[in-house]
Every structure is written in structure tokens, then in C-alpha cells.
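Presented below is the structure to which this report refers.
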Amino acid sequence: MYCVQNVTSDLVYVGASDRRLALFENVFPIPRGVSYNAYLAMDEKTVLLDAVEEAVAVRFQENLEHSLGDRSLDYVVVNHMEPDHSASLAGVLRRWPEAKVVGNAKTLAMLAQFTGEDLSSRTVVVKEGDTLCSGRHTFTFIMAPMVHWPEVMVTYDTTDKILFSADAFGTFGALSGNLFAGQMDFQRDWLDDARRYYTNIVGKYGAQVQALLKKAAGLEIAMICPLHGPIWKEEIGWFVEKYQRWSAYEPEDRGVAIFTGSVYGNTDNAADILAARLAERGVKRIAQYDVSHTDVSYLVAEAFRCSHLVFASATYNNGIFTPMENLLLDLKAHNLQNRTAAVIENGSWGPQSGKLTREILSAMKNMTVLEDVVTLKSAVQAPQRQALEDLADVLAADLLV
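Listed below in C-alpha cells is the structure:
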């Protein structure tokens with residue numbers, strides 16, 4: 043049965059949420075589910091802005107049929123061809139064969155790849171700055187390549203000043219009645235999921251996000267309608283500032299995240315000692331994570347949040363403990379930069395993890411990697427305790443400036 047909500051007097055939310063999916067893109071845990079947002083403009087011509095994932099396609103189509111009533115569907119704007127927004131598109135086009143598909147050249151090439159159909163007779167190809175008038179509304183198309191696929195564009199309604207932002211400004215989490223971020227305690231309940239969504243899905247493409255933000259800065263924006271998560275019409279500047287910081291790889295907080303890869307607990311003990319010594323020196327923002335028990339997507343988000351990072355790893359098979367190596371390579375793949383990093387290594391007969399960890403960190407852009415590695419051989423002894431005290435002095439002095 044349909045479940046629709048009005049965004050404005052003539053813009054209807056026709057998307058749906060999925061609370062049963064365990065892994066977004068079959069990799070990222072989403073314990074609170076995810077929403078797939080789609081919007082229908084009920085103007086002289088009807089315009090659907092994006093579609094949804096196949097898992098919620100039936101509800102989406104019911105929403106669309108109810109909202110249209112006896113009217114036809116005139117246009118489908120495809121801002122992003124990833125299947126979580128386009129898997130249901132083929133069904134829409136079969137149900138409304140008169141609908142024209144609006145997208146850029148790369149979008150339409152991908153559409154053919156996914157559907158295997160020749161839809162050229164019913165496509166409208168747009169490029170940067172092109173417009174589509176549906177009556178009261180005029181939609182302008184802005185290219186946003188690699189945010190986070192090459193075909194991505196965003197659509198700006200010049201009439202109501204609404205930015206349909208594709209995956210930008212999205213977040214993990216299913217919607218529960220309230221559509222708008224201002225109806226929620228977003229900072230308490232949603233910010234962590236928004237950060238984790240950005241850093242893991244889009245984080246690699248900071249330069250491309252910066253380019254889109256620069257274009258958006260020239261627009262008067264009264265509302266942002268993303269493809270996942272709540273709609274923004276209040277405190278838009280606050281959320282845009284988060285995107286500005288994340289995409290520039292600037293830390294959100296002056297704090298330290300300590301990531302530990304420990305086999306039998308001795309490396310973890312060293313991390314506990316360091317955390318306690320930092321606290322004694324007045325550092326308040328300290329977060330500790332066992333990389334074996336926390337999904338790497340959360341760890342990536344925390345690394346983007348914090349200004350200082352500590353990697354404490356056992357040596358394993360003469361290399362870095364496997365979950366720690368996965369984290370380090372994930373951070374490198376997501377272009378993390380502009381952080382201060384410290385290294386603690388452990389190895390009962392041949393400590394190697396510190397050297398290898400430093401090599402990965404040093405290959406990342408603008409990383410300040412502290413010279414002195416704290417080396418354990420099996421367990422913390424008096425010399426290592428003093429080395430941890432010294433490391434706490436260096437980190438605290440930098441954190442508390």
C-alpha cells in the first residue's frame with residue numbers, strides 16, 4: 043500500500059526505506075537501515091527525479107501510481123545510475139512508456155548497459171547548464187562527475203530553489219515518518235551515520251566534492267533533497283560546512299583516535315596506558331577501537347573525524363596484523379590526509395609492524411608521522427612504559443595548543 047508525503051505543495055516524496063538490509067553495497071553495516079529517496083514534481087508536466095533500489099520497488103511504484111492518479115508520467119530525471127537508484131527504473135519505463143528519460147551522455151550509456159535496451163528514442167540528453175521547463179518549475183542540470191560515479195549530475199529547481207543533490211548530503215539510516223532534518227535531533231542521532239556514509243562512499247573524491255560545493259555556492263538554496271536520508275531546509279549551512287571540512291580532509295575535532303590490533307592483549311594494554319596518560323595531561327577527546335571487532339567503515343569515519351591517530355599493531359606473519367593492515371590500506375584508498383599519526387608496534391622476536399605501518403602512512407598526503415615508534419617485545423616493560431609517557435607528552439602538547 044502506498045505511503046507518500048508532500049515535500050512542498052507540488053513535490054511529493056515517493057521513495058521508501060529498507061530496514062531489512064544488513065549491508066549497504068554488500069559491505070557497509072547499516073543497523074538502522076537506509077532510505078531510497080525519489081521525488082515527483084506534479085506540474086503541468088510530471089517529473090520524477092530518480093528511482094529506487096529493487097528491494098523497495100513495489101512500494102515505490104505504488105507510491106508513484108497513487109501520486110499520479112490518472113495522469114501520465116512525462117519525464118524521469120536520472121541524476122545517478124547506481125543500481126540503488128536505478129534498479130527499479132526499467133519497471134517505471136515499462137509502466138509509463140510515454141515517459142522521457144532525462145540524463146547526460148554518460149548516464150544514458152550506463153542505462154543501456156544495465157537494461158540492455160535501446161532507449162534512444164525516448165531520451166533527452168542534457169549537459170551543464172541545460173534546463174527543462176515543466177510549467178511552473180524550471181530545472182537546471184549541473185554536472186558532478188565522480189561524486190561518486192562519473193555520470194553523476196545534480197538538478198536545481200530554479201523556481202523553489204531546491205537542489206536535488208544525488209548522493210551528496212546523503213546518510214545511512216531509514217526514515218521514520220519525519221522527512222526533514224529539522225524535525226530530528228540530527229547531530230545526536232544522525233551525524234555519525236552521515237559522516238560514515240560520506241567518508242566511505244564519497245570520501246575518496248574530495249576534490250570532486252569541492253568542485254560541486256563551489257558550483258552550489260553560486261546558487262540560492264532553500265532545500266536540499268538527497269537520495270538517502272533526510273531532506274534539508276533548516277541549518278543547511280551547518281551541514282554544508284561539514285561537507286566542506288570532510289571533502290578538504292580537515293579534521294572535525296582536535297582529538298585522538300587510538301586503533302589497536304592486538305592478538306593476546308599486550309598491544310591493547312599499551313594503548314590503554316597511552317590513553318590514561320593522555321587523559322592525565324588534560325586530553326578530553328580520546329577514542330579507542332579494537333580493529334578486529336569494529337567494522338572498518340566506522341574506523342574510517344573516526345579517522346576522518348579526529349586530528350591525531352595512533353596505530354598500535356602486533357606483528358603478524360612478519361607483517362602488520364591483518365585487520366590493522368586492512369584499515370591502513372582503506373584509509374589510503376580513501377585519500378585520508380592532513381593528520382598527525384603515531385605508531386606502536388609489538389613483536390616477540392621480530393617487530394616489523396611499525397616500519398610497515400610508517401611506510402603506508404608516509405605514502406599518504408600531508409601526513410605528519412611521528413619519528414619515534416614505541417616498540418614492544420611481547421609485553422609492556424619499564425622502558426616501554428616510559429616511551430608511552432613520552433609519546434603522551436608529544437601528543438598532548440600538540441593537541442592542547
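Residues in the sequence shown are numbered from 43 upward in steps of one, following my numbering.
C-beta atoms are modelled at their ideal positions from N, C-alpha and C, and glycine is treated no differently.
**Item:** Residue range of the unbroken beta strand (DSSP E) whose run includes residue 285
**Value:** First-last for residue 285: 278-289, but that is the alpha helix (DSSP H), not the beta strand (DSSP E).
Check: How would you label residue 267, buried or exposed, when you count the other beta carbons within 10 angstroms and need 16 or more for buried?
Finding: Looking at its Cβ environment, which holds 16 or more other Cβ atoms inside 10 Å, residue 267 is buried.
Q: Kindly confirm or deny that the region 392-403 and the region 344-357 touch, where touching means at least three C-beta pairs closer than 8 Å.
A: yes
Problem set entry | Buried or exposed by the 16-neighbour rule on C-beta atoms within 10 Å, applied to residue 335 | exposed
(request) Take residue 117 and list the residues in its own chain whose beta-carbon comes closer than 6 Å to its own, dropping the five residues that flank it on each side. (result) 89, 142, 144
*residue 227 classed as buried or exposed, judged by whether at least 16 other C-beta atoms fall within 10 angstroms*: exposed
Would residue 384 and residue 363 be called neighbours here (beta carbons separated by less than 9 Å)?
no
Short of 6 Å in beta carbon distance, which residues of its chain neighbour residue 44, apart from the five on each side in sequence? Order them along the chain. 104, 105, 108
Taking residue 400 as the reference, give the member of 412, 389, 128 with the closest Cα.
412
Cβ contact check for the region 371-390 and the region 309-324: 3 or more pairs under 8 Å
yes
message: Using 8 Å for Cβ pairs, my map puts residue 241 next to residue 288. What's the rounded Cβ distance?
response: Contact between residue 241 and residue 288 holds: CB atoms are separated by about 7 Å, below the 8 Å threshold.
When you compare only the Cα positions, how much space is there between residue 152 and residue 405? 34 Å
Inter-stretch contact at 8 Å, needing at least 3 Cβ pairs: the region 117-134 / the region 275-286:
The region 117-134 vs the region 275-286: no contact.
Three-way DSSP call (helix, strand, coil) for residue 213 in this model: coil
Assign residue 225 to one of two classes, buried (16 or more other C-beta atoms within 10 Å of its C-beta) or exposed (fewer than that).
exposed
**OP:** Return the chain-ordered list of same chain residues with a C-beta closer than 8 Å to the C-beta of residue 422, the five sequence neighbours on each side being excluded.
**Re:** Taken in chain order, the residues that qualify are 308, 311, 312, 315, 430.
Exercise. Can you grab the Cα-Cα spacing for the pair residue 94 / residue 157, in whole Å?
Key: 15 Å
#### Entry: Candidates 375, 70, 83, 347: closest to residue 50 by CA position
83
**Prompt:** Taking DSSP as the reference, what is the three-state secondary structure of residue 363?
**Reply:** coil
Task: Alpha carbon of residue 161 to alpha carbon of residue 140, nearest angstrom - done: 12 Å
Can you give the beta carbon distance from residue 58 to residue 120, rounded, assuming they're within the 8 Å contact cut?
The pair is not a contact, with the Cβ atoms about 18 Å apart (cut-off 8 Å).
- Item | For residue 300, three-class secondary structure by DSSP | strand
Just to confirm before moving on: does the CB-CB distance between residue 370 and residue 418 stay below 9 Å? no
To test your reading of the DSSP string, which unbroken beta strand (DSSP E) runs of 3 or more residues are found completely within the region 131-211? Runs of the beta strand (DSSP E) lying entirely within the region 131-211, each at least 3 residues long, are 142-145, 165-167, 173-175, 180-185, 195-199, 204-206 in chain order.
Can you name, in chain order, every residue of its own chain whose Cβ lies under 8 Å from the Cβ of residue 180, other than the five neighbours on each side?
Excluding positions up to five away in sequence, the list reads 173, 174, 199, 200, 201.
### Message
By alpha-carbon positions, which one of 223, 177, 196, 178 ends up nearest to residue 170?
### Response
196
Looking at the structure shown, is residue 336 part of a helix, part of a strand, or coil, going by DSSP?
Residue 336: coil per DSSP, three-state reduction.
- Considering only C-alpha positions, which residue in the set 150, 148, 114, 146 is nearest to residue 134? 114
Q.
Using only CA atoms, which one of 100, 56, 220, 176 lies nearest to residue 86?
A. Out of 100, 56, 220, 176, 176 has the C-alpha closest to the C-alpha of residue 86.
Worksheet entry | C-beta atoms of residue 291 and residue 379 nearer than 9 Å | yes
| By a C-beta neighbour count over all protein chains shown, 10 Å radius and 16 as the cutoff for buried, is residue 48 buried or exposed? | Exposed, because fewer than 16 other Cβ atoms sit within 10 Å of the Cβ of residue 48.
| Can you tell me whether DSSP reads residue 275 as helix, strand or coil? | In the structure shown, the three-state DSSP call for residue 275 is coil.
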